Amino acid sequence: MQFSQIIGQEIIKQQLITSVREGRISHAQLFLGQEGVGKLALAIAYAQYVSCLNKGEHDSCGTCSSCIKYEKLIHPDLHMVFPFAKDGKTKEICDDLLPEWREFVTKNVYFSLEQWMDNIGAGNKQATIYANESNEILRKLQLTTYESAYKIMIIWLPEKMNITCANKLLKILEEPPTKTLFILVSEQVEKIISTIISRTQMIKIPLIETHTMSSYLQAKHSISKENSINIARIANGNYIKALSIIKATEESQLNFTRYQEIMRYAYKNDVLATKKWAEEMTSSSMGREKQKSFLDYAQHITRECFIKNIEINELNYLIDYEENFSSGFARFVNEKNIQALMDFFADAATDIEQNVQGKFVFFDLGLKLMTQIKQN
Ligand SMILES: [Zn+2]
Numbered sequence: 074m075q076f077s078q079i080i081g082q083e084i085i086k087q088q089l090i091t092s093v094r095e096g097r098i099s100h101a102q103l104f105l106g107q108e109g110v111g112k113l114a115l116a117i118a119y120a121q122y123v124s125c126l127n128k129g130e131h132d133s134c135g136t137c138s139s140c141i142k143y144e145k146l147i148h149p150d151l152h153m154v155f156p157f158a159k160d161g162k163t164k165e166i167c168d169d170l171l172p173e174w175r176e177f178v179t180k181n182v183y184f185s186l187e188q189w190m191d192n193i194g195a196g197n198k199q200a201t202i203y204a205n206e207s208n209e210i211l212r213k214l215q216l217t218t219y220e221s222a223y224k225i226m227i228i229w230l231p232e233k234m235n236i237t238c239a240n241k242l243l244k245i246l247e248e249p250p251t252k253t254l255f256i257l258v259s260e261q262v263e264k265i266i267s268t269i270i271s272r273t274q275m276i277k278i279p280l281i282e283t284h285t286m287s288s289y290l291q292a293k294h295s296i297s298k299e300n301s302i303n304i305a306r307i308a309n310g311n312y313i314k315a316l317s318i319i320k321a322t323e324e325s326q327l328n329f330t331r332y333q334e335i336m337r338y339a340y341k342n343d344v345l346a347t348k349k350w351a352e353e354m355t356s357s358s359m360g361r362e363k364q365k366s367f368l369d370y371a372q373h374i375t376r377e378c379f380i381k382n383i384e385i386n387e388l389n390y391l392i393d394y395e396e397n398f399s400s401g402f403a404r405f406v407n408e409k410n411i412q413a414l415m416d417f418f419a420d421a422a423t424d425i426e427q428n429v430q431g432k433f434v435f436f437d438l439g440l441k442l443m444t445q446i447k448q449n
């Protein structure tokens, strides 16, 4: 991770680079900021810069042997600690999850604790840095440095540390081994014991500025200027939130397209196209969550079309492309078929939830829609 890959935060980047160039690397630092501002990204880029064998004035080189290992987070002098949920005897310490962690972080360094826990299948469990981890930290600090001047320990969300672990970490910070750099990356400083905080140099990471986020969204996600400004405003400095808005928008547009398709096939009594549609609805990229999301959406848009048809416009909630579609389609959703249509979608959702094979559920749904859609 190079500084250039991080959204905004130019002042912080410069501050970190200057401290390294002037040889003022404080042995324990606390990167504090809200979710989605790029704290972990900055910590990794900073660590990479410290270890880089050919540092530039503004960034690590990206090509030396150290940087190449950092790109995959496999540098032997880089250690990472993060919360997780214990799982019997297979997951006791962070290292047991290291392959998953490396893959997840290198794919996208902007993520929330919830997303990480979901990724390791521990969605509802308590995220913790366990007592055992402090022994691991100690053990790793006793290793000789392999390749770089510093051993670097990045601790993501130290506020999730169990108290035994926190106390041991405090002892280490009180008598830090030479050439060791601790970077604590935190969102809730009030949950870290104050004795640890007082041993660290705190660096507050601000929200990403709206105009910076908006330009980034335009460049990296090919989003129009107007939309990117809107998303950046709602995301309020949090890139994780911006990503989730983009994803939700894409999903609802996709749902809309699929709804348009199946209604068109139903109207034309096109059984073959309906069969193909049902297969697409159950392709490998369509998990159960996406199928349910479609069926929820279908109920919403059907209801909206009905409301439009009976002309209670003040109750209508449609966005532009839905509005265009519904002005032609709404007349097909009326008092005679609204209940049946809504039931078809709701029943299909129940079937999907109960693991009935998706291909049959969606094909059957399409056939049922044919019986109702021309009931004018
Ligand atoms: Zn380098």
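This note's numbering applies: residue 74 is where the sequence shown begins, and numbers increase by one. All residues carry an ideal CB built from backbone N, CA and C; glycine is no exception. Source: prediction; values computed, not measured.
Which of the three DSSP states, helix, strand or coil, is assigned to residue i?
| i | result |
| --- | --- |
| Ala101 | strand |
| Ser259 | strand |
| Phe157 | strand |
| His148 | coil |
| Met275 | strand |
| Thr237 | helix |
| Thr253 | strand |
| Thr375 | helix |
| Ile202 | strand |
| Thr285 | helix |
| His131 | coil |
| Asp420 | helix |
| Gly439 | helix |
May I have the straight-line CA-CA distance separating residue i from residue j, to the nearest angstrom?
| i | j | result |
| --- | --- | --- |
| Leu368 | Ala422 | 6 Å |
| Ala195 | Ala158 | 6 Å |
| Ala114 | Gln82 | 11 Å |
| Asn328 | Asn311 | 26 Å |
| Ile383 | Gln412 | 14 Å |
| Thr273 | Lys86 | 19 Å |
| Asn127 | Glu209 | 31 Å |
| Ile304 | Glu108 | 16 Å |
| Gln75 | Trp174 | 19 Å |
| Phe104 | Pro231 | 11 Å |
| Phe417 | Glu396 | 23 Å |
| Asn197 | Leu186 | 11 Å |
| Tyr219 | Ser267 | 33 Å |
| Glu394 | Ile80 | Per the sequence presented here, residue 394 reads as Tyr, with Glu not at that position. Using only the alpha carbons, I get a separation of about 31 Å. |
| Thr71 | Glu144 | Residue coverage of the chain in this structure runs from 74 to 449, which leaves residue 71 outside it and unanswerable. |
Please state if the CB of residue j and the CB of residue i are separated by a distance shorter than 8 Å.
| i | j | result |
| --- | --- | --- |
| His148 | Ser133 | no |
| Tyr370 | Ser325 | yes |
| Pro250 | Leu214 | yes |
| Ile256 | Ala120 | yes |
| Ala346 | Lys381 | no |
| Trp229 | Val182 | no |
| Ile446 | Val434 | no |
| Thr375 | Leu438 | no |
| Ala339 | Met443 | yes |
| Ile225 | Leu254 | yes |
| Ile227 | Val258 | yes |
| Leu151 | Thr179 | no |
| Thr201 | Pro172 | no |
Pull up the DSSP beta-bridge partners for residue i, would you.
| i | result |
| --- | --- |
| Thr91 | In the DSSP output, where bridge partners are listed per residue, Thr91 has none listed. |
| Lys224 | Thr253 |
| Trp229 | Val258 |
| Lys164 | Asp160 |
Touching by the beta-carbon criterion (3+ pairs, under 8 Å), the stretch 307-323 and the stretch 270-288: yes
Taking contact to mean at least 3 C-beta pairs separated by less than 8 Å, is the stretch 229-248 in contact with the stretch 158-168? no
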